[in-house]
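Input: a single structure, listed below in structure tokens.
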Amino acid sequence: MPSYLIVNVDVHDPEKYEAYKSGVMPLVNRHSGEYLVRGGHHDVIEGDWNPTRLVLFRFPDRASIDAFMDDPDYQPLKQLRHSIATTDLVAVDGIA
Numbered sequence: 000m001p002s003y004l005i006v007n008v009d010v011h012d013p014e015k016y017e018a019y020k021s022g023v024m025p026l027v028n029r030h031s032g033e034y035l036v037r038g039g040h041h042d043v044i045e046g047d048w049n050p051t052r053l054v055l056f057r058f059p060d061r062a063s064i065d066a067f068m069d070d071p072d073y074q075p076l077k078q079l080r081h082s083i084a085t086t087d088l089v090a091v092d093g094i095a
């Protein structure tokens, strides 16, 4: 069953964020993930949630998300992300 990683990103250093994006793309691919949304325009239809920049990934399953997040090659990029942006990440299982 596919699983999705939903990310809300508030970027504080756009130049370094570009370096983060370049580094993370091959790792997403390594774990059979793909970008579905990457910072496009969004509208809040209902409620108070006002995300800054949304990124949506699809992975084959939850284990692939966990493997991506735990990948030793991702750890320095994760530390970089923490230093240049405020992020919220949610993993959700899709429908089989």
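Take 0 as the starting number for the sequence shown in numbering that gives the first Met the number 0 and just add one per residue. C-beta: ideal position from N, C-alpha, C; glycine also. The structure presented is a predicted model; accordingly, all values stated were derived computationally and were not measured.
In chain order, what are the residue ranges of uninterrupted alpha helix (DSSP H) at least 4 long that sit wholly in the region 33-95? 61-69, 74-83
Just mark L35 as buried or exposed, buried being the case when its beta carbon has 16 or more other beta carbons within 10 Å. Sequence index remark: in the sequence shown, residue 35 carries index 36 (1-based). Looking at its Cβ environment, which holds fewer than 16 other Cβ atoms inside 10 Å, L35 is exposed.
Between the Cα of S82 and those of M0, I5, D9, P1, spot the shortest distance and give me the residue it belongs to. Indexing the sequence shown from 1 puts residue 82 at position 83. That would be D9, whose Cα lies nearest to the Cα of S82.
Run of the beta strand (DSSP E) containing S2, from where it starts to where it stops: Mapped onto the sequence shown, residue 2 falls at position 3. Where S2 is concerned, the enclosing beta strand (DSSP E) stretches over 2-10.
Hey, G97 and F67: beta-carbon distance below 8 Å or not? Beyond the ends of the chain as shown, which are 0 and 95, falls residue 97; an answer cannot be given.
Is the number of C-beta pairs between the region 11-27 and the region 72-88 that are closer than 8 Å three or more? yes
Within this structure, are the beta carbons of I64 and S2 separated by less than 8 Å? The residue given as residue 64 occupies position 65 in the sequence shown. The residue given as residue 2 occupies position 3 in the sequence shown. Against a cut-off of 8 Å, the Cβ pair of S2 and I64 comes out as a contact.
Does the distance from the CB of I5 to the CB of L55 come in under 8 Å? As a position in the sequence shown, residue 5 is number 6, starting the count at 1. As a position in the sequence shown, residue 55 is number 56, starting the count at 1. Contact flag set, yes.
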